[in-house]
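Residue numbers (my numbering), protein chains in the order written: chain S, 2 to 100; chain E, 292 to 1028. Remarks on the structure that follows.
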Amino acid sequence: MPTDHYLILSFALFLIGTAGVLLRRNALIVLMGIELQLNGGNLALLAFSRQLNDQKGHVFAFLIIALAAAEAAVGLAILVGLFRSRQTINLDEATLMKR
Amino acid sequence: MNFNLGLIPLLPFLGAAVLMLFGRRWTRDTVFIVAALAIGAACVVSVDAFFFQLPDAGGAGLQDVVTTWIATGDLHIDLAFRMDALSGVMCLVITFVGFLIHVFAAGYMADDPDYARFFAYLNLFCGAMLVLVLGDSLPVMFIGWEGVGLCSYLLIGFWYSSTANADAGRKAFITNRIGDLGFLLGMFLLFNYTGTLSIPDISGAASPGGPLMAPLWLGQPVAFWAALFLFVGATGKSAQIPLYVWLPDAMAGPTPVSALIHAATMVTAGVYMIARMHAVYLLVPSVMAIVAIVGALTALFAAMIGFAQNDFKKVLAYSTVSQLGFMFVGVGTANFTGGIFHLVTHAFFKAGLFLCAGSVMHAMSGSGDITIMGGLRKKLPWTHAVFAACWLAICGIVPFSGFFSKDNIIAGAFGTEIYGHDMAWVGKLVGVMLLLAALGTAFYMSRLYFLVFSGDETRAPDKIKHHIHESPSIMVVPLVVLAIGATVIGFIGLPGGLFNHPDANLLAHHLEAADIHEVEVSHGLEWGMMAVSLAVAAVGILLAMVFYRGGYKEPARAFAAKFPGFVRLVHDKFRVDEAYDFLFIRPIKWFSRGLYNFVDRIIVDKILVEGTGVLVDLCARLARAVQGGDGQRYMAVFAVGVALLVHFASQPTLPFTKLKVTQTGRGVEVDARRGKNAPTRPLEYAFDFGDGRPVVKGGAPEQRHDYDRPGNYTIRVTITDSGWRTEDTFKEKVEVP
């Protein structure tokens, strides 16, 4: 199977994730979008790793999975904090950076 | 040769600096002592230099190179001073008369609240004037030239709380600026063609076959235009037609200033400059003729205006303009000694006259209106005696100084041979004009004398009359010294020819050493001119006596009644100021107003300034829309940015889409090399030429192939990147004949 196909899938995953991050207003869905983006990246790393017959790509993918877990933990913690202070996780109401 | 000439201007400069820094806290006596010491010490140094050092120094005089001022490329200018006979005489006059005027001012300004500022400016002026005369190169001279202009401006507007005084100061400054432009242009021209700005070097280059005789414009040589431009500068500083208008207004300054700056020293700078640059002027007799004619016209014109002025200082101001005209005729007829001689005598008698004016105005509670004076001879005996001596000197009565110098100039004008055969009439013409001007001088000065001093009754109101008193001795003593000078100084310039002894003319003897000559005239002409000018002076005095002795006499009234229009016109100074106002000032004002209303208010204020504001506001509105504080929108912008970045960064690295195929008969050459952006990794090339022969593998990216028979073939080149495991295949069709 040529590398192209993996890359196309990887790009599709990343785009879906990006769309989720940019378009959805629910913070939980945004976090899920970020996971999708990371996984898209992972898939690309693995595809190249396979093509170049090199194991470094796998190592990076593991690192990213660990990072994604940590990010999810921190992100969820922020969400809880946000919900406590505003009683909502709708991002349209969380425009705090304006001030 | 190492004599320290820099000290001469430095002393007054130091005095000025010290007075400006500390003068306000000192008592008046301290201020006066510092100021007088500064100028007095400069006088002593000048005397030492002139009488004890200069005689041993030879023709080039003393030189003092203080430091290098400008050294860039071909241009090298030293801050250097030079004293030869010419600048030495000027130094003596400036420091000596300057010292006397400092002393006088101590009395005259005694009640002025700005005593220290006055003396600081006066010292500053003396320093600048000394730089002007001692400067060894034109730029150093120009520093002094501008410095005296600045001091003149400061001192005319000394009592700046009155608008008229401030306006007079500005008028003097702006008029001088026009002249200074001429000075600068002349300087640039000389530098451009001689490559030097040092006065001795320029004089050395000024020879009939030298660079200054190259034709420049309108068929005239460089020297013509340089001399003419320098003369324009001289007309500004020395108040000649057409730039004389500032000097009468300059009388708004304190009287000692009028005496020092606007009579004795600064206004003679133009005459001095022409004498200094005489080597250039002598190359071009046509410019000399212009100088002489302008001088004679000014002498005559200003003397006429003097007939009908009723302000003491205004009469003296026009008299100064007129006498400066005499000096310009002197230098313009190549009678440089005569011009400088008259400059020296004039410095004494005109300073004396102005200080008398100060003394009289002091007595008259500040009024200078001569129509309310009269009979002051008995009330101000000392002032009267001094004024009388100076009056006889300016009228040209033997043996007072003015007689000798004025006679020298007039005789020189008739006797000069500088203009050659074709323009010989110029000398005669200016000579006759000067005789008429001398007649006018005798008349208006006598009118002044009789209206102010003669008679028994003062025409002033009782309130002023009550206070008339002789000035204190600190004012009288300088007056007396100046009067003695005005009486005897003429003997330094006795016409040498008359005594069959060339050294009888001390001044000419000295100036000869500095290569400055006088016009030699025959004995007959000398005696004749003496008689004629004496007669002219006597006629002028007698006429004024008939008209004005003891007040306005019947003939004066009758004349005024008969020609009221003419008298009015003369009284209004021929309305030259009004003409200038109409011709120059108002058009400039209209133009400026137009510029203000259109360029400044519309283009600059509205479009540029407010336009910038509107533009920034628009940008800010756009930027604010982006900065919504919404993280998702930021992310969207970020994503778009990254997408664009990736798009541009990932342009294909293969710069060709077609193989490069060159056909020569049945042979083809195929070039499959990639362009400069290609990866540096090793690539493998496989060439299939499509004629059934084996594929060429693993060779160079260029291959040659010869087909056996004609036909259409397809060339396939496969490029393999073993590192990336990619393959690209390019095809190209060839038709082999």
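C-beta atoms are modelled at their ideal positions from N, C-alpha and C, and glycine is treated no differently.
### Query
In this structure, what does DSSP give as the bridge partners for Leu366 of chain E?
E:Thr363
#### Entry: chain S within 9 Å of Asp1012 of chain E, Cβ atoms only
no
### Message
Taking the beta carbon of Asn1064 of chain E as the centre, do at least 16 other beta carbons fall within 10 Å, making it buried, or is it exposed?
### Response
For chain E, the structure presents residues 292 to 1028; residue 1064 of chain E sits outside this window and is missing.
### Message
Here's a check: name, in chain order, each residue in its chain whose Cβ is nearer than 7 Å to the Cβ of Leu789 of chain E, leaving out the five neighbours to either side.
### Response
Here Leu789 of chain E scores only 49 on pLDDT, less than 50, and its place in the model is too uncertain to base an answer on.
### Query
Between the beta-carbon of Val562 of chain E and the beta-carbon of Ile631 of chain E, is there less than 9 Å?
yes
### Task
Measure the alpha-carbon distance for Leu47 of chain S versus Leu53 of chain S and round it to whole angstroms.
10 Å
### Query
For Pro690 of chain E, is the classification buried or exposed, using 16 other Cβ atoms within 10 angstroms of its Cβ as the cut-off for buried?
exposed
### Query
Shortest alpha-carbon distance to His367 of chain E belongs to which of E:Ala704, E:Lys670, E:Leu310 and E:Val431?
E:Val431
### Task
With a floor of 3 residues, list each beta strand (DSSP E) that falls wholly inside the region 951-1000 of chain E, ordered by position along the chain.
951-955, 958-962, 975-979 and 993-997
### Query
Between which two residues does the beta strand (DSSP E) harbouring Thr1009 of chain E extend?
Gly1002 to Asp1012
### Task
Return no unless some Cβ of chain S is closer than 9 Å to the Cβ of Gly932 of chain E.
no
### Query
Ordered along the chain, which non-local residues of its own chain (more than five positions away) have a Cβ less than 7 Å from that of Ala599 of chain E?
Val858, Val861 and His862
### Alpha-carbon to alpha-carbon, Leu834 of chain E and Phe603 of chain E
20 Å
### Cross-strand partners of Thr1020 of chain E (DSSP beta bridge)
E:Thr1009
### DSSP three-state assignment for Pro346 of chain E, whether helix, strand or coil
helix
### Message
So with CB distances below 7 Å, who are the chain E contacts of Thr19 of chain S?
### Response
Ala930
### Query
When you compare only the Cα positions, how much space is there between Phe782 of chain E and Leu507 of chain E?
44 Å
### Message
What ranges does the alpha helix (DSSP H) occupy inside the region 6-84 of chain S, keeping only unbroken runs of at least 4 residues that lie completely in it?
### Response
28-53
### Message
Per the DSSP calculation, Gln511 of chain E is bridged to which residue(s)?
### Response
E:Trp508
### Task
List the DSSP bridge partners of Leu446 of chain E.
None, per the DSSP bridge assignment.
### Task
My understanding is that Phe15 of chain S touches Gln38 of chain S, with C-beta atoms under 8 Å, so please give their C-beta distance in whole angstroms.
5 Å
### Task
State the CB to CB distance for the pair Ala340 of chain E and Leu353 of chain E, rounded to an integer number of angstroms; the pair is presumed to be in contact (CB under 8 Å).
6 Å
### Task
Show which residues of chain E have a CB atom less than 9 Å away from the CB atom of Leu92 of chain S.
Asp921, Gly922 and Gln923
#### Entry: Short CB-CB distance (under 9 Å) between Ala914 of chain E and chain S
no
### Message
Looking only at its chain, what residues have a beta carbon closer than 8 Å to the beta carbon of Asn699 of chain E, apart from the 5 residues adjacent to it on each side?
### Response
Gly621, Asn626, Thr628, Gly629, Phe632, His633, Gly784, Pro786 and Glu809
### Query
Excluding the five sequence neighbours on either side, which residues of its own chain have a C-beta within less than 6 Å of the C-beta of Val827 of chain E, listed in chain order?
Leu726, Ala729 and Leu730
#### Entry: Residues, ordered as in the chain, of the region 14-45 of chain S that lie near chain E by beta-carbon distance below 7 Å
Thr19, Val22 and Leu23
### Query
What residues in its chain sit with their C-beta under 8 Å from that of Lys641 of chain E, if we drop five residues either side in the sequence?
Ala550, Ala554, Ala555, Leu607, Ser610, Thr611, Gln614, Cys681 and Ile685
### Query
Taking all protein chains shown into account, do 16 or more other C-beta atoms lie within 10 angstroms of the C-beta of Val384 of chain E, making it buried, or fewer, making it exposed?
buried
#### Entry: is_contact[Ala95 of chain S, chain E] using C-beta, thresh 9 Å
yes
#### Entry: Spatial distance of Asp369 of chain E from Leu425 of chain E (CA atoms)
13 Å
### Task
Say whether chain S places a C-beta atom closer than 9 Å to the C-beta of Ala940 of chain E.
no
### Query
Do the CB positions of Ala525 of chain E and Phe474 of chain E come within less than 9 Å of each other?
yes
### Query
chain S beta carbons: is any one of them nearer than 9 Å to that of Ala927 of chain E?
yes
### Task
Within the same chain, show all residues whose beta-carbon is closer than 7 Å to that of Val309 of chain E, passing over the 5 residues directly before and after it, in chain order.
Val325
#### Entry: Between the CA atoms of Ala95 of chain S and Val917 of chain E - distance to the nearest angstrom
16 Å
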